[in-house]
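Going by the numbering used here, the sequence shown runs without a break in its numbering and finishes at 684. Beta carbons are placed, not taken as given, at the ideal position from N, Cα and C, and that holds for glycine. One structure is given below, encoded as structure tokens.
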Amino acid sequence: MQIYVRIARYTLEKDIIAQNSNSFGLTIPANLLMYYGKSLAKFIIKNPRPFFIDPVTYILVYPRNMLKRDNSELQVDRGGNYKLKKSYDKLVRAYDKGLIDLFKSDNPLPTSYFDDPDNVEKFVRNNIAYQKNLLTNSLDKISRYEAMVGEEIPEKSNLKPEFLTAPYFYFGDSSDPWYDVNIKLSQLTKEFSSNDNVYSIICTHKQSLSSTLADEIVSDFDEVDGYLLFASNFEEYVEPIHSLRRLKSFVSRLYEKSSKPILNLYGSFLSVFLNYYGMKGVSSGLCVLDHKDVLEEVTMAIARIKFYLPSIRGFLVENDYKTYLERFNPSDECDCNLCQTLANKKTSLSTRSYVSGIDKLFSIYRGKLMTSAMDHFLHCRLNESELVNTKSLSEIRAILETNRRNSRRYAHVLNTSNFVDRILRI
Ligand SMILES: [Zn+2]
Numbered sequence: 259m260q261i262y263v264r265i266a267r268y269t270l271e272k273d274i275i276a277q278n279s280n281s282f283g284l285t286i287p288a289n290l291l292m293y294y295g296k297s298l299a300k301f302i303i304k305n306p307r308p309f310f311i312d313p314v315t316y317i318l319v320y321p322r323n324m325l326k327r328d329n330s331e332l333q334v335d336r337g338g339n340y341k342l343k344k345s346y347d348k349l350v351r352a353y354d355k356g357l358i359d360l361f362k363s364d365n366p367l368p369t370s371y372f373d374d375p376d377n378v379e380k381f382v383r384n385n386i387a388y389q390k391n392l393l394t395n396s397l398d399k400i401s402r403y404e405a406m407v408g409e410e411i412p413e414k415s416n417l418k419p420e421f422l423t424a425p426y427f428y429f430g431d432s433s434d435p436w437y438d439v440n441i442k443l444s445q446l447t448k449e450f451s452s453n454d455n456v457y458s459i460i461c462t463h464k465q466s467l468s469s470t471l472a473d474e475i476v477s478d479f480d481e482v483d484g485y486l487l488f489a490s491n492f493e494e495y496v497e498p499i500h501s502l503r504r505l506k507s508f509v510s511r512l513y514e515k516s517s518k519p520i521l522n523l524y525g526s527f528l529s530v531f532l533n534y535y536g537m538k539g540v541s542s543g544l545c546v547l548d549h550k551d552v553l554e555e556v557t558m559a560i561a562r563i564k565f566y567l568p569s570i571r572g573f574l575v576e577n578d579y580k581t582y583l584e585r586f587n588p589s590d591e592c593d594c595n596l597c598q599t600l601a602n603k604k605t606s607l608s609t610r611s612y613v614s615g616i617d618k619l620f621s622i623y624r625g626k627l628m629t630s631a632m633d634h635f636l637h638c639r640l641n642e643s644e645l646v647n648t649k650s651l652s653e654i655r656a657i658l659e660t661n662r663r664n665s666r667r668y669a670h671v672l673n674t675s676n677f678v679d680r681i682l683r684i
């Protein structure tokens, strides 16, 4: 099981990523690649690890997502047109400068755009070009400057993505015209880049996941080397059991028929568990973005602090986590700084001093809590990945049985879901 951390709040995340092992990869959304290219190039040179780029092209069909700025109203330029967010403005220009006007007037990209073979070719060639070259070119620019000021020029190795991803759009089912556009885009990406591994992103409605769709994908996308799954608004932690089963059947079938790697572009512990059924990797943000609705407006509103609790395989909101720490033993499954410190305090202090320490942590020191929670989550997720890499399915089931008992213990004090119970019953 390979873990990928999706870059979302780069300036907050980069130190946490750098301080942890290089046993996990990165998912880089293309708009952030455009925006932070130089910084990301330097960062990956210093902290080498596998990565891939999410072209996020589906968003071109929902332009309002590209227009809305952080917590603010839509902005209009002097000509009365909407202004795109900078990172999306750069992304749209990287594909086709001619499309800017369309999005400035808040119009979606129509499927008819891809009826013109020239447009398809331009789109595919530009997608391959920036995925393969943008980081290297960014580093070249930095290097030229650094050579001028006499600094050492960094090596350019490690700046190639692990695999290329074809442009993709959301489709309701295989009769949706966007499904055919996706086939065209994937086929041509592999044709133009036959020496590279190319993955297709299957971006669809969660209820469309079925064995039939898996069979269609195997035959319609047979040239590609792997699949990334993006089931819109599939929040594993709250989905009912029949929905979790649907994901499991889809993944098993796709793997059984294709034998190709399958990664979940947005997932949580269920995706880690599905390693036993053909899921090879899972990507999510640090405490954010373990699911995504294609229609949801993109705003980087300050996220509430959430804490991962390994024994429920899910997050607790701040108050629930505080209650958890006050009433139960801090997690012994995690060796992050936060858990280690809390475990030491729990054994060395009286209950009263420990509880007042927790109070201080959540009031006076809360500034550091956000990054501590992100670091803690990363440790937990890497531990889970290690578990499925080293344990048999029956051993994991035994661990989850213990988790299920624990979840019941907390149920009367904490607002938790019975996620582990549902996983055990799929
Ligand atoms: Zn921890």
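Residue range of the beta strand (DSSP E) that includes Asn522: Stepping through the sequence shown from its first residue, residue 522 is reached at position 264. That run of the beta strand (DSSP E) goes Ile520 to Asn522.
Cβ neighbour criterion (16 or more within 10 Å) applied to Ile265: Start at 1 with the first residue of the sequence shown, and residue 265 comes out as number 7. When all chains shown are included, Ile265 counts as buried.
Residues sharing a beta bridge with Pro450, DSSP: Here residue 450 refers to the residue found at position 192 of the sequence shown. For the sequence presented, residue 450 should be read as Phe rather than Pro. DSSP output for Phe450 lists no bridge partner at all.
Neighbour-count burial assignment, Asn533, 16 or more Cβ in a 10 Å radius: The residue given as residue 533 occupies position 275 in the sequence shown. Asn533 should be labelled buried.
Continuous alpha helix (DSSP H) stretch holding Lys618: start and end: Within the sequence shown, the letter at position 360 stands for residue 618. Taken as a continuous stretch (DSSP letters only), the alpha helix (DSSP H) holding Lys618 covers Thr609 to Ser621.
Val509 classed as buried or exposed, judged by whether at least 16 other C-beta atoms fall within 10 angstroms: Counting from one through the sequence shown, the residue named residue 509 turns up at place 251. Buried, because 16 or more other Cβ atoms sit within 10 Å of the Cβ of Val509.
Extent of the continuous beta strand (DSSP E) to which Val456 belongs: The residue given as residue 456 occupies position 198 in the sequence shown. Val456 -> beta strand (DSSP E) spans Val456 to His463.
3 or more residues per run - each beta strand (DSSP E) lying fully within the segment 488-535: 520-522
Residue closest to Leu521, alpha-carbon to alpha-carbon, out of Asp454, Gln465, Lys564 and Glu420: On the sequence shown, residue 521 is found 263 positions in, with the first residue counted as 1. Comparing Cα positions, the closest option is Glu420.
Leu284 in three-state terms, based on DSSP: As a first step, residue 284 is located in the sequence shown; it is residue number 26 there, counting from the start. If DSSP states are grouped into helix, strand and coil, Leu284 belongs with the strands.
Candidates Ala276, Glu271, Ser281 and Tyr268, of which the one nearest Ser643 by Cα: Here residue 643 refers to the residue found at position 385 of the sequence shown. Out of Ala276, Glu271, Ser281 and Tyr268, Ser281 has the C-alpha closest to the C-alpha of Ser643.
Extent of the continuous beta strand (DSSP E) to which Gln260 belongs: Against the sequence shown, residue 260 aligns to sequence position 2. That run of the beta strand (DSSP E) goes Gln260 to Arg264.
Opposing strand residues paired with Ser542 [DSSP bridges]: As a working note, residue 542 is residue 284 in the sequence shown. DSSP, once it has assigned bridges, lists Val263 as partnering Ser542.
Exposure label - Ile681; buried when at least 16 CB within 10 Å: Looking up residue 681 in the sequence shown gives position 423. Buried is the call here.
Ala559 (DSSP reduced to helix, strand or coil): Your numbering for residue 559 matches position 301 in the sequence shown. Residue placement at Ala559 cannot be trusted, given a pLDDT of 49 that sits under 50; what the coordinates show is reported in the next sentence. Ala559 falls in the coil class under three-state DSSP.
Any non-hydrogen atom of ligand 1 within 7 angstroms of Cys597 CB: One-based indexing of the sequence shown puts residue 597 at position 339. Yes, Cβ of Cys597 sits closer than 7 angstroms to a heavy atom of ligand 1.
Residue closest to Asn703, alpha-carbon to alpha-carbon, out of Leu360, Val319, Lys355 and Leu512: As shown, the chain starts at 259 and ends at 684. That puts residue 703 outside it, with no answer to give.
With 16 other Cβ atoms within 10 Å as the buried cut-off, status of Gly430: Residue 430 sits at position 172 when you count from the first residue of the sequence shown. By the 10 Å Cβ count, Gly430 comes out exposed.
Buried or exposed (CB count within 10 angstroms, at least 16 for buried), Thr470: Residue mapping note: residue 470 aligns to position 212 of the sequence shown, counting from 1. By the 10 Å Cβ count, Thr470 comes out exposed.
For Ala387 and Leu422, the rounded distance between their alpha carbons: Residue 422 sits at position 164 when you count from the first residue of the sequence shown. Residue 387 sits at position 129 when you count from the first residue of the sequence shown. Approximately 10 angstroms, taken between the alpha carbons.
Leu645 versus Thr599, Gly525 and Glu591, residue with shortest Cα-Cα distance: Within the sequence shown, numbered from 1, the residue matching residue 645 stands at position 387. Leu645 has its Cα closest to that of Glu591, out of Thr599, Gly525 and Glu591.
For Lys518 and Leu397, the rounded distance between their alpha carbons: Here residue 397 is taken as the residue at index 139 of the sequence shown, counted from 1. Here residue 518 is taken as the residue at index 260 of the sequence shown, counted from 1. Distance between the alpha carbons of Leu397 and Lys518: 33 angstroms.
Whole-angstrom distance between Glu493 and Ser687, CA atom to CA atom: Absent from the model: residue 687. The displayed extent of the chain is 259 to 684, so no value can be given.
Distance between Gly543 and Glu271 (C-alpha atoms, nearest Å): As a working mapping, residue 271 is identified with position 13 in the sequence shown. As a working mapping, residue 543 is identified with position 285 in the sequence shown. Taking the straight line joining both Cα atoms gives about 9 angstroms.
Beta-carbon proximity list for Glu554, same chain, < 7 angstroms, skipping 5 on both sides: The residue you call residue 554 lines up with position 296 of the sequence shown. Closer than 7 angstroms at the Cβ level, and outside the excluded window around Glu554, lies no residue.
Cα-Cα separation between Ala559 and Tyr437, rounded to whole angstroms: Counting from 1 along the sequence shown, the entry for residue 559 is found at position 301. Counting from 1 along the sequence shown, the entry for residue 437 is found at position 179. Annotation note: pLDDT 49 at Ala559 (below 50); position unreliable, no value reported.
Rounded separation between Thr648 and Asn641 - CA only: As a working note, residue 648 is residue 390 in the sequence shown. As a working note, residue 641 is residue 383 in the sequence shown. Between Thr648 and Asn641, the C-alpha separation is close to 11 angstroms.
Cα-Cα separation, Tyr353 to Leu318: In the sequence shown, the residue the question calls residue 353 occupies position 95. In the sequence shown, the residue the question calls residue 318 occupies position 60. Cα to Cα, the separation comes out at about 11 angstroms.
Start-to-end residues for the alpha helix (DSSP H) that takes in Asp312: Here residue 312 refers to the residue found at position 54 of the sequence shown. Note, Asp312: premise wrong, no alpha helix (DSSP H); beta strand (DSSP E) at Phe309 to Asp312.
Contact check, Phe381 vs Pro435, beta carbons under 8 angstroms: As a working note, residue 381 is residue 123 in the sequence shown. As a working note, residue 435 is residue 177 in the sequence shown. Contact: no.
DSSP three-state assignment for Leu547, whether helix, strand or coil: Locating residue 547 in the sequence shown gives position 289, counting from the first residue. Leu547: coil per DSSP, three-state reduction.
Neighbourhood of Leu357 by C-beta distance below 6 angstroms, restricted to the same chain and skipping five residues each side: By one-based count along the sequence shown, residue 357 stands at place 99. Counting only Cβ-Cβ distances below 6 angstroms, and skipping sequence neighbours, we find Val350.
Boundaries (first-last residue) of the alpha helix (DSSP H) holding Leu325: Residue mapping note: residue 325 aligns to position 67 of the sequence shown, counting from 1. It spans Arg322 to Leu325 - the alpha helix (DSSP H) in which Leu325 sits, taken as one unbroken run.
Cβ-heavy atom distance, Cys594 to ligand 1, below 7 angstroms: In the sequence shown, counting from the first residue as 1, residue 594 sits at position 336. Checking the Cβ of Cys594 against ligand 1 gives yes.
The segment 629-638 touching the segment 565-575, judged by at least three CB pairs closer than 8 angstroms: yes
Near ligand 1: Ser279 beta-carbon under 7 angstroms from a heavy atom: Translated into the one-based positions of the sequence shown, residue 279 becomes position 21. No, the Cβ of Ser279 stays beyond 7 angstroms of every heavy atom of ligand 1.
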